[in-house]
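Numbering (this note's numbering), first residue to last: 1302 to 1626.
Some notes on the structure that comes next.
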């Protein structure tokens, strides 16, 4: 009897320990749960492999492009200084001389307004317009016109380099030909490029300095092509020939955009000039009718509001017709 009781107690003890360590599931249930757990974990390596494949490469490429754009934006923002603008305009003025001329224009405009008794709301605007706005606008206008002329002849300069390389001339001699044969501003800029190379700078460094003086996308394309060819090798004449084709297509696209937007530009110019033109004509024909707007306080306030609204409208129209590509 005692033996049977001891056997029963031993069986219960072993069963209890098995229940504690294994649980209440049988082997089939445990196998199903293990397979389910493995099924849940199995997609993770696949996702990682997919992420490390083309998708991750595309994301990495996008990140690199964003970083390059951000670096280019910061670089251009750092370069848009008054000294850089004076260099781009081809002016030999220093920054100190520019500010002296601007201050002289501001004082002259203020004295002119005081002598002729202009309204109170016009007097503070005269030094700002003629001392700060007008000189900077003139420098910006000259810089844009000079860069436009540079871009117009840049594809021809690339063709000169391509023909020279195909005929057996080195790149340095091709650059000398451009500096001698091309007109301003392309010729003088390439002459500086040749001088920088003669002083010991590499072609890539000389192109970077040239880009500081003439920040055009076409020159940046040339610098990129030269840099890639110097690092990886290849047929430089073929690469520059393709670049010339791209630049001419880009110029053609710009002319098409200009032609398609000419109607909008003319309409904006007419709408912007119509109110001041009508006011000037009425002032010339019947001065007594219009002079109340300049002598009476209410008329002066109305003119101030009209000028602000006209300025806002002109800026809005300029934003609408300023196409970028």
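We put the beta carbon where it would ideally sit given N, CA and C, even for glycine.
message: Quick check on residue 1501: does DSSP put it in helix, strand or coil?
response: coil
Margin query: Given a cut-off of 7 Å on the beta-carbon distance, is the pair residue 1508 and residue 1524 in contact?
Written below: yes
Check: Taking the alpha-carbon positions, what's the residue 1452 to residue 1480 distance?
Finding: 15 Å
Problem - Helix, strand or coil at residue 1399 according to DSSP, with G and I counted as helix - result: helix
Can you tell me which of the three DSSP states residue 1576 falls into? helix
Q) Are residue 1542 and residue 1463 touching if we call contact CB-CB under 7 Å? A) yes
task = Taking only the alpha-carbon atoms, compute the straight-line gap between residue 1478 and residue 1550 and give it to the nearest angstrom.
result = 25 Å
Inset, instruction - In angstroms with no decimal places, state the Cα-to-Cα distance between residue 1579 and residue 1617. - result: 21 Å
| said: Counting beta carbon pairs with one atom in the segment 1429 to 1440 and one in the segment 1405 to 1421, are three or more of them shorter than 8 Å? | reply: yes
Practice prompt. Please state whether DSSP places residue 1382 in a helix, a strand or coil.
Written response: coil
Which ranges does the alpha helix (DSSP H) cover as unbroken runs of at least 4 residues, wholly within the segment 1518 to 1601, from first to last along the chain?
1518 to 1533, 1537 to 1561, 1563 to 1586, 1588 to 1591, 1593 to 1596
Return the chain-ordered list of same chain residues with a C-beta closer than 7 Å to the C-beta of residue 1615, the five sequence neighbours on each side being excluded.
1573
* **Minimum C-alpha distance to residue 1483 - residue among 1497, 1502, 1503, 1457** => 1457
Cβ of residue 1537 versus every heavy atom of the ligand SAH: is any distance shorter than 6 Å?
The ligand SAH is not part of the structure shown, which contains no ligands of any sort.
Rounded to the nearest angstrom, how far is the Cβ of residue 1504 from that of residue 1527, given a contact under 8 Å?
6 Å
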